[in-house]
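Quick note, the sequences are listed as chains A and B, same order. Under my numbering, the first residue of the first sequence is numbered 1, with each subsequent residue one higher. Under my numbering, the first residue of the second sequence is numbered 1001, with each subsequent residue one higher. Even for Gly, the Cβ is constructed at its ideal location relative to N, Cα and C. Quick caveat: nothing in here was measured; it's all calculated off a predicted structure.
There are 2 protein chains.
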Amino acid sequence: MTRFARSVDALQSSAVRELMKAASNPDMISFSGGMPNPGLFPVEELDEIITKLPLRSKQDGFQYGPTPGYPPLLESLSAYLRSKGLPVEDNGLIVTAGSLQAIHLVTKVFVDPGDAVVTETPCFVGAIPVFRYFQARLRGVPLDADGPALSDLERALEEEKPRLLYLTPYFHNPAGIVYSAERKAAVMNLLKGRGIPLLEDDAYGELYFDEADRPLTLPMKASADPSIPICYTGSFSKIFGPGMRLGWLLGPRDVTAKCELAKQGVDACSSTYTQVLADAFLRGGYLPAYLERLRQAYARRCRIMTDALKALMPEGVKWNAPKGGFYLWLRLPPAMNATALLEIAAAAGAVFVVGRAFDPEGRRDDCLRLSFSHTPEDRIADGVRILAESMARLAGKNRR
Amino acid sequence: MTRFARSVDALQSSAVRELMKAASNPDMISFSGGMPNPGLFPVEELDEIITKLPLRSKQDGFQYGPTPGYPPLLESLSAYLRSKGLPVEDNGLIVTAGSLQAIHLVTKVFVDPGDAVVTETPCFVGAIPVFRYFQARLRGVPLDADGPALSDLERALEEEKPRLLYLTPYFHNPAGIVYSAERKAAVMNLLKGRGIPLLEDDAYGELYFDEADRPLTLPMKASADPSIPICYTGSFSKIFGPGMRLGWLLGPRDVTAKCELAKQGVDACSSTYTQVLADAFLRGGYLPAYLERLRQAYARRCRIMTDALKALMPEGVKWNAPKGGFYLWLRLPPAMNATALLEIAAAAGAVFVVGRAFDPEGRRDDCLRLSFSHTPEDRIADGVRILAESMARLAGKNRR
């Protein structure tokens, strides 16, 4: 077996499976899954789309497509990205199996085993297996309410000379924050002249709760000095459905050309069938109204959870006030450990993801992620109550 | 950039794109694509499936699924594989993005850069970018009408001590052959005690033309001594549609567990949406009748092409008589080069894939692949006529 195969432990996967099993138990109140609520999927819109689909498109959907993507989707996706202010004409665009595969392909192009990747702490949990796949060395930079701490970021760039900087500035998973415009400018300033590619992951940017916050979601890719090589990734997962497994990579042409060759060795092309559906979803003009519905629904869920936290959390527990996305990031009092808390809470009927899962260096466990995207509205407060009671029990234990 | 990125050339990809463009020109007679004919896709069956799909399944289709596969599909797929005599209970099973991704995952587990992989010559053209992705060293073993030449295979195993042996025994792409039962037994005998994993790729086994040949398609995985580690891959591409991007890997549990962890770093899961459809296709009992239709259609196309070749090919051109699958493998007379022939034929309106594309060592170019799966029946003879005329022109040039 390879170095990779020897380095990974099958237990990792069974732990994830256990968590998924717990989360899919209908009696369990789950704040753990970073997945949309099934009741919010555009099922009716898709029924309508399929009814109207011409025979030719149906046949296309069954067939192989070009590696960079189904040409009509590349066209409609380009129009969508252009409308977000992105420099589509000056870059290459490829469709990927979720933005996760875009992260995979970019890492394949830039990161040899043992090379450093600088990420955020906490970091998107799905990106960690990708970096592990390539046996990258991870260095995390702590996030504050406005983005990565600048002095830490500068030190990490200088000490590690990373091959890649991975940032998720918009409604961060799990930290729930959005970078301020000033912080984004400062990050770009730090990157100038260093030649370090930035992987800008924008899976949640469309899910702002308040129209007034929309300007915060302007991608760095849209405003950056073109001398900074930015690989911008996005996804249909949060704006259509993750089961479609569709995302994209917009990046310098020399990078996307290499990514395309790498993709030939990964899956040859993404599902043409779901690309046909995504194309019809964009072209049919369904997205704006659907996004409006999602923004309202997630904002309401977030409010319900925040209200419950305010009412029920013991002193010393801290959390952010999300302006969009799926996540609340909870900081526990100093003596409390998230893994110990999860054990008690799971037995009492509520689960979440422990902070350590999001630490690229696998250490810090004083935080936890609460997802409000998936839990039915009328069970959110009950789940928060279970958490509060579990905290009280854990604090009692700790005192003894 | 990484060693991989520096080693691949963007021109490779543009060459493939040029070929696809030529093949998609409606005036071109294309024998190049290894793709099903769009008129043969089960469009009506899928319309019926979608109409009957319960809301819950539709919602499932939008959602993330477990990395190894959508549980109902793992169940229906297991039943299907069991019916083919495969040892499902003693192995792990995961759903992949086409069998190409299964090849990717197995290679990730066994092959470090510079390690040897032994393949057939000619070799499935889609597997070559996968092995290139992992910077494997490729050694080809020539095929005869019954399978790999045994003495060459033995020498290759001894000289290379490969980490993986990759074989596609059933209606080989591009060689068009099916291994004889004796040759399969001899290959397994050769492998005994060596500990070299066999990657057995079975994308076309269902597409035999004559029921009497069905026993030839019994997988080695079904009959092998369990001490030989066989990773068996298959695909929905030829029995449902490649655009679904669904295949599978049935292999020793320690291997599939590692593949599952690797898949977390590739795409997290395959499209749940198309997995829901594939599951309904299997459960609905559509497959047997659909396969019957395909077998008859491809047998007819193969006969039309073979008849045309017999009538039109100049002396010295040789080809096999396929018992199934999509491909005829044509051997040119000694002085004739496939790439030179393609140039003339493409200008005259017919394209194919040159033999060199299938040589894992990238040298031999005295053969070419004709695919009869995609070309409309009434254009096959015209295309063969263009080939014959192009050969005559090339022979004339060569004489001058």
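Burial state of residue i, where buried means 16 or more other Cβ atoms lie within 10 Å
i	result
K1238 (chain B)	buried
P215 (chain A)	exposed
T339 (chain A)	exposed
R56 (chain A)	exposed
R399 (chain A)	exposed
Q409 (chain A)	As displayed, chain A neither begins before 1 nor continues past 400, which places residue 409 (chain A) out of reach and without an answer.
R1253 (chain B)	exposed
P288 (chain A)	exposed
N1189 (chain B)	exposed
A985 (chain B)	What the structure shows of chain B is the stretch from 1001 to 1400, and residue 985 (chain B) is not part of that stretch, so it cannot be assessed.
L1164 (chain B)	buried
D1307 (chain B)	exposed
K1052 (chain B)	exposed
A392 (chain A)	exposed
A347 (chain A)	exposed
L11 (chain A)	Confidence at L11 (chain A) is low in this model, with a pLDDT of 47, below 50, so its placement is unreliable and no value can be given for it.
E206 (chain A)	buried
Q59 (chain A)	buried
N91 (chain A)	buried
S1014 (chain B)	Bear in mind that the predicted position of S1014 (chain B) carries a pLDDT of just 48, short of 50, making it unreliable; the figure below should be weighed with that in mind. That one is exposed.
G195 (chain A)	exposed
N25 (chain A)	exposed
A127 (chain A)	buried
S390 (chain A)	buried
L1074 (chain B)	buried
P54 (chain A)	exposed
A1212 (chain B)	exposed
Closest residue to residue i among the options (Cα-Cα distance)
i	options	result
R1137 (chain B)	B:R1155, B:E1154, B:V1125 and B:V1111	B:V1111
D144 (chain A)	A:V354, A:R363, A:L370 and A:A321	A:A321
L1328 (chain B)	B:R1301, B:M1336, B:G1349 and B:S1180	B:R1301
V125 (chain A)	A:L394, A:P113, A:L368 and A:G114	A:L368
E1120 (chain B)	B:E1260, B:L1167, B:A1289 and B:E1377	B:L1167
A381 (chain A)	A:Y64, A:P333 and A:L312	A:L312
E200 (chain A)	A:G243, A:K258, A:V266 and A:C123	A:C123
M244 (chain A)	B:I1304, B:S1271, B:P1174 and B:A1357	B:S1271
G33 (chain A)	A:A350, A:S390, A:P219 and A:D366	A:A350
D1366 (chain B)	B:P1360, B:F1372, B:E1315 and B:N1337	B:N1337
Y1064 (chain B)	A:K84, A:S76, A:G193 and A:F41	A:F41
E1185 (chain B)	B:M1220, B:R1283, B:V1384 and B:A1345	According to the sequence as given, residue 1185 (chain B) is Ala; it is not Glu. That would be B:M1220, whose Cα lies nearest to the Cα of A1185 (chain B).
R331 (chain A)	A:P226, A:R356, A:A345 and A:V95	A:R356
P1333 (chain B)	B:L1394, B:V1178, B:R1293 and B:P1071	B:L1394
A1388 (chain B)	B:P1314, B:F1326, B:L1100 and B:I1049	B:P1314
L191 (chain A)	A:P226, A:D279, A:T217 and A:P129	A:P226
Y1179 (chain B)	B:E1160, B:Y1204, B:F1062 and B:A1257	B:Y1204
S235 (chain A)	A:L100, A:I49, A:G362 and A:F352	A:L100
E1377 (chain B)	B:L1309, B:A1297 and B:L1198	B:A1297
Rounded Cβ spacing between residue i and residue j (contact assumed at less than 8 Å)
i	j	result
P1169 (chain B)	G1140 (chain B)	Not quite, the Cβ-Cβ distance comes to about 16 Å (not below 8 Å), so this is no contact.
F209 (chain A)	K323 (chain A)	6 Å
Q1135 (chain B)	P1162 (chain B)	Between P1162 (chain B) and Q1135 (chain B) the Cβ distance is about 14 Å, and since that is not below 8 Å, they are no contact.
F372 (chain A)	M305 (chain A)	5 Å
V106 (chain A)	V255 (chain A)	7 Å
A1278 (chain B)	L1246 (chain B)	5 Å
Limits of the unbroken alpha helix (DSSP H) element including residue i
i	result
T1247 (chain B)	For clarity, residue 1247 (chain B) is Gly in the given sequence; the question names Thr instead. Looking at the DSSP string, G1247 (chain B) is not in any alpha helix (DSSP H); the run it does join, the beta strand (DSSP E), is G1247 to G1251.
L53 (chain A)	Counting along the chain, L53 (chain A) falls outside any alpha helix (DSSP H), and DSSP gives it neither H nor E.
Y1290 (chain B)	L1287 to L1312
Q1275 (chain B)	T1272 to R1283
D1152 (chain B)	L1150 to E1160
Y1064 (chain B)	From DSSP, Y1064 (chain B) is part of no alpha helix (DSSP H); its letter is neither H nor E.
S7 (chain A)	R3 to S7
P129 (chain A)	A127 to Y133
Span of the beta strand (DSSP E), counted from its first residue to its last, around residue i
i	result
G92 (chain A)	G92 to T96
D144 (chain A)	R137 to D144
A116 (chain A)	A116 to T121
L74 (chain A)	It is not in any beta strand (DSSP E) - L74 (chain A) instead sits in the alpha helix (DSSP H) that spans P71 to S83.
L40 (chain A)	Per DSSP, L40 (chain A) belongs to no beta strand (DSSP E) and is neither H nor E.
L167 (chain A)	L164 to L167
Ignoring anything shorter than 3 residues or poking outside the region 318-388 of chain A, list the beta strand (DSSP E) runs there in chain order. Counting only unbroken stretches of 3 or more residues, the beta strand (DSSP E) elements lying wholly within the region 318-388 of chain A are 327-331 and 367-371, in sequence order.
Inside the region 178-256 of chain A only - beta strand (DSSP E) runs reaching at least 3 residues: Fully enclosed beta strand (DSSP E) runs of no fewer than 3 residues occupy 198-201, 230-235 and 247-251 of the region 178-256 of chain A, in order along the chain.
Check distances from the C-beta atoms of the region 33-49 of chain A to those of chain C and list, in chain order, the residues that come in under 7 Å. Among the protein chains in the structure shown, which are A and B, there is no chain C.
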